[in-house]
Structure formats: structure tokens, C-alpha cells
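Chemist: In the numbering used here, the protein residues as written are 349 to 694. Even glycine gets a Cβ: it sits at the ideal position worked out from N, Cα and C.
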Ligand code: KG4
Ligand code: ZN
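1) Below 8 Å on the Cβ atoms is my guess for residue 388 versus residue 360; work out the distance and round it to an integer in Å.
2) Report the option in 648, 379, 445 and 404 whose CA atom is closest to the CA atom of residue 364.
3) Could you tell me which residues DSSP puts in a beta bridge with residue 316?
4) For the ligand ZN, which residues have a Cβ under 5 Å from at least one heavy atom, in chain order?
5) So what does DSSP say about residue 625, is it helix, strand or coil?
6) Note the first and the last residue of the continuous alpha helix (DSSP H) segment covering residue 449.
7) Comparing alpha-carbon positions, which option in 372, 405 and 572 lies nearest residue 416?
8) Tell me which residues share the same chain as residue 542 and place their Cβ nearer than 7 Å to its Cβ, disregarding the 5 neighbours each side in the sequence.
9) By the DSSP assignment, the alpha helix (DSSP H) with residue 380 in it spans what residues?
10) Measuring CB to CB, does residue 548 end up less than 8 Å from residue 593?
11) Flag residue 395 as yes when its Cβ comes closer than 7 Å to any non-hydrogen atom of the ligand KG4, and as no otherwise.
12) Looking at C-alpha atoms only, which residue of 564, 566, 563 and 571 is the closest neighbour of residue 556?
13) For the candidate residues 662, 680, 504 and 647, whose alpha-carbon lies nearest to that of residue 622?
14) According to DSSP, is residue 486 helix, strand or coil?
15) Could you compute how far the alpha carbon of residue 410 sits from the alpha carbon of residue 618?
16) Going by C-alpha distance, which of 399, 448, 490 and 374 is nearest residue 629?
17) If contacts are defined as beta-carbon pairs under 8 Å, then residue 680 and residue 466 qualify, I think. What distance do you get, rounded to the angstrom?
18) Note down the Cα distance separating residue 405 from residue 449, rounded to an integer number of angstroms.
19) My assumption, with CB atoms under 8 Å, is that residue 462 sits in contact with residue 426. Please give the rounded CB distance.
20) Using beta-carbon positions only, say whether residue 650 and residue 538 come within less than 8 Å of one another.
21) Measuring from the CB of residue 565, is there a heavy atom of the ligand KG4 at a distance below 7 Å?
22) Would DSSP call residue 388 helix, strand or coil?
23) Here's the rule I'm using: 16 or more other beta-carbon atoms within 10 Å means buried, otherwise exposed. How should residue 526 be labelled?
24) Quick one: give me the first and last residue of the alpha helix (DSSP H) that residue 603 is part of.
25) Within 7 Å: the Cβ of residue 722 and any heavy atom of the ligand KG4?
26) Out of 486, 656, 513 and 676, which has the shortest C-alpha to C-alpha gap to residue 506?
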């Protein structure tokens, strides 16, 4: 039980996200919403390596976090004394990167004499659609599609998560990134593939829809990447049109596979609200296809809250704090942290 006892609901919560390659800071207030959002993306830092270099990520978070906190406070015209609590991402993610935000957040809260709460990165993604214009009703099915995870969850309440399906190998975002690399497109590959696919020719290549012929809601995306490799080898050297056509076929296969599994999860659970979150939720093709689900309301976070950001952490923090939860003084981070280990707030 929280040593700070009950909270006044109308407080400002500072959210800090450093689990991977974005330093995200934001301030949330229940009446005013997200009053400030500050983000630094490390894409330029990692692009020459074609993927995230963990040590570089950690060092960059160290130099970015404090200036971003200062700039978020200035944008909201607030001082440190106005903050009511601090929420920080404690996992899952890159351990060194997580430690930066967690140590900073926990220490700042201690120095200010205010509570802190450790947040699960994927729960923050999952709850971000509650900040959108159309809010889902509980229970709902959540499709969480990021660079590190592909999960289908039944969400009965905040913290009450039942796993319906997950990827047995690569995450959807990871498959986008790896396929983009094979095509010679820069990191991160998701938006690059989506843009190239706009000029692709439907029907020139057809990629498989992995695991859709088997029962259940699990995914497998590593075979798609291999299929892309085989296709590319036969075409080399690639023309721009080849690149767009392969991107189209790959994206089409991922979108169709996600669509089929969502449809299955919804009919299996009998719920009629679907929430989509995580970086791949920014994909417009996927959004368009999910509109074909009959009788289902589909909810997304605002676009800037799809990929990693501090706003979703501040908001998830407020929800948990508001329910009486807060985290002790120890800085505890977890590289791996199954969502099903989470509990509803006290
Ligand atoms: O949630 P996120 O920002 O970070 C993680 O927690 O992993 O997701 C990043 C992933 C990357 O793999 C990126 O390529 C993918 O989301 N992504 C997209 C799009 N925008 C980002 N994938 C497909 N289409 C997009 N428009
Ligand atoms: Zn994420």
C-alpha cells in the first residue's frame, strides 16, 4: 500500500519514457489532459548501424532526459513544485536505457517528496487509446504491435489482462524493420515500407499469411522476412519499382494476417471494441483494413502517441496513482516483463 495514502485527483504527473530509442517526457493532468509533450528520437544516432545500439541509446538518454524535463515544464508554464507525482517506464526494454529514466524519475520524486510509479511500457501503449477521441468500453480486445511485441489481449479492466495470442518469433515491427533493411531502406523500416508500398503494384508478388491456417491467435513473422529475402535475391539488382512492389506485398501480408487474427480474437471473446496500439498502429493500411470489421468499434491513440512517447507513461501513471498505487524507493527495471504478471491497481 502506498505510504502517501490517498491522492488528490487533480495533480500533474510527469511521465518519463526511455525504454528504447526515444526519450519521451510529458506532463498529464486529469482536467487539462497532456499539457506538455517533449520527445527526442534517436533515429539519426542509430540509422548508420541499421538498428538500435543499446549502449549508444543509454548514453543519449542520459544527456536528453533533464533538458526534456525542463522544456516540458517550461511549455506547461509549471515548476518542479507543481508536480504531484512522477511515472517512469520500468520495463520491458533495453536494461541500460530503462535504468536512465527509472533512476532519474525515482530520484526526482524522492527529492521532491512526491510519489513515483513504475510503469509497464506495453501497458502504457495499451492505455494510450483512452486518451483518444473515441474511448473503448471494457472489456475490449487489444492488438499491441510494436518493435518488440505483437500481442492480442483481452482487457477486462486496467491491469486485468488475458493473453489471447502473441508472436512466437519476430514482432510485427521487427519484421518491418528487417525487411526494410533487406530492401536497402533506412531504419526504422515501418514508415519506409509504408511509403514505398504506396507506389507498389498489387498482385505482382503474393506473400504467405503465416499461421492463419492454424487455430488460435498466435503470430509468426520471421518467415515473411525470409520470403522477402528469397524474392529480393531473384530480383537483384533491385529497381525502385521492385522495392515498392516487395514492400507492398510484405505490408499486405502483415496487415492481412493481423486482420484475420483480430477477427478471430473478437469472435472468440464476443467483445465488440478493438484497441490498437504500439508503433505499427500508425500504419494507415492496417487502419484502413480494420475498418472492414463488421460491428466492431476500433480505437487508436492519437498518432503521436502510437510510437514511444512520455504522454502514454504519464497517463498510465496517473491511472495507477489515482487508484492508490505507487512504487517503493528501490529502482527496479525489467528487460523482460510479461504483461500478464500485472495486476489491477489496488
Ligand atoms: O512502439 P514503438 O515506437 O517502439 C517499441 O516499443 O518497439 O514501435 C516501433 C516500431 C518499429 O518497428 C517501427 O518500424 C514500427 O513501429 N512502425 C511502423 C510504422 N511506424 C512505426 N510500422 C509500420 N507502419 C508504420 N507506419
Ligand atoms: Zn513501444
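Modeler: In this structure, then:
1) For the purposes of this step, residue 388 is taken as the residue at position 40 of the chain shown. For the purposes of this step, residue 360 is taken as the residue at position 12 of the chain shown. Wrong, their Cβ atoms sit about 21 Å apart, outside the cutoff.
2) On the chain shown, position 16 is the one that residue 364 refers to. Out of 648, 379, 445 and 404, 445 has the C-alpha closest to the C-alpha of residue 364.
3) The structure shown does not extend to residue 316, since the chain is modelled only from 349 through 694, so no value can be given for it.
4) 494 and 656
5) Start at 1 with the first residue of the chain shown, and residue 625 comes out as number 277. Correct three-state label for residue 625: strand.
6) Here residue 449 is taken as the residue at index 101 of the chain shown, counted from 1. Looking at the DSSP string, the run of the alpha helix (DSSP H) that includes residue 449 is 443-460.
7) Along the chain shown, one-based indexing puts residue 416 at 68. Comparing Cα positions, the closest option is 372.
8) Reading the chain shown from its first residue, position 194 is the one you call residue 542. Hits under 7 Å: 599, 631, 632 and 633.
9) Position 32 of the chain shown, counting from 1, holds the residue named residue 380. Careful: residue 380 lies outside any alpha helix (DSSP H) and carries neither H nor E.
10) Here residue 548 refers to the residue found at position 200 when the chain shown is read from its first residue. Here residue 593 refers to the residue found at position 245 when the chain shown is read from its first residue. For residue 548 and residue 593, yes; Cβs fall inside 8 Å.
11) In the chain shown, residue 395 corresponds to position 47, counting from 1. No, the beta carbon of residue 395 sits no closer than 7 Å to any heavy atom of the ligand KG4.
12) Counted from its first residue, the chain shown places residue 556 at position 208. When each option's Cα is compared against that of residue 556, the closest is 571.
13) Counting from one through the chain shown, the residue named residue 622 turns up at place 274. Answer by Cα proximity: 647.
14) Here residue 486 refers to the residue found at position 138 of the chain shown. Correct three-state label for residue 486: coil.
15) Residue mapping note: residue 410 aligns to position 62 of the chain shown, counting from 1. Residue mapping note: residue 618 aligns to position 270 of the chain shown, counting from 1. Answer to the nearest angstrom: the Cα atoms are 46 Å apart.
16) For the purposes of this step, residue 629 is taken as residue 281 along the chain shown, with counting starting at 1. Nearest of 399, 448, 490 and 374 to residue 629, Cα basis: 490.
17) Taking the chain shown and counting its residues from 1, the one referred to as residue 680 is at position 332. Taking the chain shown and counting its residues from 1, the one referred to as residue 466 is at position 118. Sure, about 7 Å apart at Cβ, within 8 Å.
18) Working through the chain shown from its first residue, we reach residue 405 at position 57. Working through the chain shown from its first residue, we reach residue 449 at position 101. Rounded to the nearest angstrom, the two C-alpha atoms are 12 Å apart.
19) In the chain shown, counting from the first residue as 1, residue 462 sits at position 114. In the chain shown, counting from the first residue as 1, residue 426 sits at position 78. Their Cβ separation, rounded to whole angstroms, is 13 Å, which puts residue 462 and residue 426 out of contact at 8 Å.
20) Stepping through the chain shown from its first residue, residue 650 is reached at position 302. Stepping through the chain shown from its first residue, residue 538 is reached at position 190. Not in contact: residue 650 and residue 538 (Cβ atoms no closer than 8 Å).
21) Your numbering for residue 565 matches position 217 in the chain shown. Residue 565: no, Cβ never under 7 Å from the ligand KG4.
22) As a position in the chain shown, residue 388 is number 40, starting the count at 1. Correct three-state label for residue 388: strand.
23) One-based indexing of the chain shown puts residue 526 at position 178. It counts as buried.
24) On the chain shown, residue 603 is found 255 positions in, with the first residue counted as 1. First-last of the alpha helix (DSSP H) with residue 603: 588-617.
25) The structure shown does not extend to residue 722, since the chain spans only 349 to 694, so no value can be given for it.
26) Here residue 506 refers to the residue found at position 158 of the chain shown. Of 486, 656, 513 and 676, the residue nearest in Cα terms is 486.
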